[in-house]
């Protein structure tokens, strides 16, 4: 499981002191993760901005196929991901497995919806003009997720953003970051291009998210 920041084309060490991740069942340290500084956050922003034009221009069908591969890989690793959620978050293993399956469904749902992002052409109310509506990616999405559903809340936000052609920066809760890191690596393995998904874990998110 990666424990550093995902910025651009790979994982990198953060600028601040590393943050311990605790097992809530016994208080023991599972591992430590990188602590993102404001400079790291700006690097993630630069990476997402650099990747944005290419991802927006990627055909909807191709984006959909990548999301579908993300679903397939999450399902293939469901037991392992469930164990990870239980380890860092404290859920019963059966509940964690349910969350993984639920989380994966967001990738499948938006894989199916992405090719259906179409515009509209209609007659104006006055009858003398034609109105054309075109949908375009809005830009970079900053996604902030809570500790209690570390997989589902991540995929629920990432999948529609990527389907719409937006690049993302994910800031998971530092109490349960390992699942987000694992999902991000799965997405890289599924073919998500560098810079399209970035993950940062600041211990003090105030200056970064303000």
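Numbering (our numbering), first residue to last: 381 to 590. Every residue gets a Cβ at the ideal spot worked out from N, C-alpha and C, and that includes glycine.
To the nearest angstrom, how far is it from the Cα of residue 605 to the Cα of residue 451?
This structure gives no information on residue 605, because the portion of the chain shown stretches from 381 to 590.
Inter-residue spacing [alpha-carbon to alpha-carbon] between residue 585 and residue 516:
So the two alpha carbons sit approximately 29 Å from each other.
By the 10 Å Cβ neighbour count, where 16 or more other Cβ atoms means buried, how is residue 564 classified, buried or exposed?
With 16 or more neighbouring CB atoms inside 10 Å of its own CB, residue 564 falls in the buried class.
Would you mind listing the beta strand (DSSP E) stretches within the region 558-584 that are 3+ residues and don't spill past its ends, in chain order?
577-579
Flag this pair as touching only if the region 405-420 and the region 509-525 have three or more C-beta atom pairs under 8 Å; answer yes or no.
The way I'd put it, the region 405-420 doesn't touch the region 509-525; fewer than three beta-carbon pairs between them come closer than 8 Å.
Could you check where the alpha helix (DSSP H) with residue 496 kicks off and where it finishes?
Segment: none, residue 496 is in no alpha helix (DSSP H) and carries neither H nor E.
Apply the 10 Å Cβ neighbour rule to residue 535 and answer buried if 16 or more other Cβ atoms are within range, or exposed otherwise.
buried
If we count the other Cβ atoms within 10 Å of its Cβ and call it buried at 16 or more, is residue 476 buried or exposed?
buried
May I ask you to list the residues that DSSP assigns as paired with residue 406?
Bridge partners of residue 406: none, in fact.
CA nearest to the CA of residue 531, picked from 558, 385, 442, 580
558
Straight-line gap, residue 441 to residue 394 (C-alpha atoms, nearest Å):
35 Å
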